[in-house]
Amino acid sequence: MPKTLDDLAWPRHTERLTLRKQEPADADALWEIEGDAAQNRWTTRVYEDRAAFDADRGARAASDLVAYWDGRFAGVLMVAQKDAWSQAEVSEQAKGQLVELGWRVATWAQGRGLATELAREGLAIASEMGVHRVEASCFIENAVSWRVMEKVGMRRESHTVKESLHRDGTWHDGLTYAALTEELRARS
Ligand SMILES: CC(C)(COP(=O)(O)OP(=O)(O)OC[C@H]1O[C@@H](n2cnc3c(N)ncnc32)[C@H](O)[C@@H]1OP(=O)(O)O)[C@@H](O)C(=O)NCCC(=O)NCCS
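Quick note: the sequence shown uses the UniProt record's numbering, first residue 1, plus one each step.
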């Protein structure tokens, strides 16, 4: 059985960032990016107001790590652990074997390679958890995000055609990138 985020030691440090699990005191900083509609053009949800965000924060805290740069809130790394697909007879062995990564960087901190630093750390975390596979997905228009996936050496594994419905009512292509932790270990 792979480890969970709770089994790892916190905080973690990258070259510039300190990462840890969310605390209630992070709510105002998180709302700065969650409440910004322009920032969330390609993300899963735009909250209608702070109350809706607060109601959802507990659920997201299980997977969304906060990142600080010199004490200033700089972004979020999602590390969502899931069961891998399996045939029914081996479903126990597939439990928790997949990590989905996601990232968002505060507007002031964008364009300095921080998402790339977060994504690299996400791969390191998944390796340390001992999961089998890591994935990340985005709308094809979110080139900044899929460039991050490429920069950290994830492989483009699917390009789906107009399968994702945007909140503006239009259908868009989606990309999924992946890496196996056995590949990450072989690289390092
Ligand atoms: C996507 C996001 C996390 C990237 O954060 P970031 O810290 O600026 O990313 P990085 O600096 O690590 O890398 C961005 C890369 O894309 C490049 N880039 C910037 N704008 C671009 C554009 N319009 N088209 C293509 N590439 C672009 C940058 O030059 C950089 O590449 P480089 O390292 O070769 O210079 C940030 O824009 C964000 O938070 N967006 C809103 C939330 C979001 O969309 N999250 C992803 C959901 S899947």
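All C-beta atoms, glycine included, are put in the ideal place defined by N, C-alpha and C.
None of the values given here were measured: they were computed from a predicted structure.
For residue i, is the beta carbon positioned less than 7 Å from some heavy atom of ligand 1?
i      : result
Leu114 : yes
Thr18  : no
Thr160 : no
Measure the C-alpha to C-alpha separation of residue i and residue j and round it to an integer number of angstroms.
i           : j      : result
Ser91       : Thr181 : 19 Å
Met129      : Ile140 : 29 Å
Ala76       : Asp64  : Reading off the sequence, residue 76 comes out as Val, not Ala. Rounded to the nearest angstrom, the two C-alpha atoms are 6 Å apart.
Ala61       : Met1   : 22 Å
Leu123      : Ala94  : 19 Å
residue 205 : Arg16  : Outside the displayed range of the chain (1 to 188) lies residue 205, so it cannot be described from this structure.
Glu157      : Lys21  : 30 Å
Lys162      : His172 : 4 Å
Check each candidate in the options and name the one with the smallest Cα separation from residue i.
i      : options                        : result
Trp42  : Arg167, Ala186, Arg187, Phe73  : Arg167
Ala29  : Glu89, Ala84, Glu121, Arg104   : Arg104
Ala74  : Thr18, Ser127, Leu123, Gln81   : Thr18
Glu184 : Val134, Arg156, Leu165         : Residue identity check: residue 184 is Leu in the sequence provided, not Glu. Cα-wise, what sits closest to Leu184 is Val134.
Trp10  : Ile125, Thr116, Trp146, Glu117 : Ile125
Any chance the region 93 to 100 sits against the region 139 to 152, with 3 or more Cβ pairs inside 8 Å? no
Is it true that the region 37 to 54 meets the region 65 to 85, where meeting means three or more beta-carbon pairs spaced less than 8 Å apart? no
Return the chain-ordered ranges of every alpha helix (DSSP H) run that is complete within the region 162 to 188 and spans a minimum of 4 residues. 181 to 187
In chain order, which continuous runs of the beta strand (DSSP E) of length 3 or greater are located wholly inside the region 105 to 156? 133 to 139
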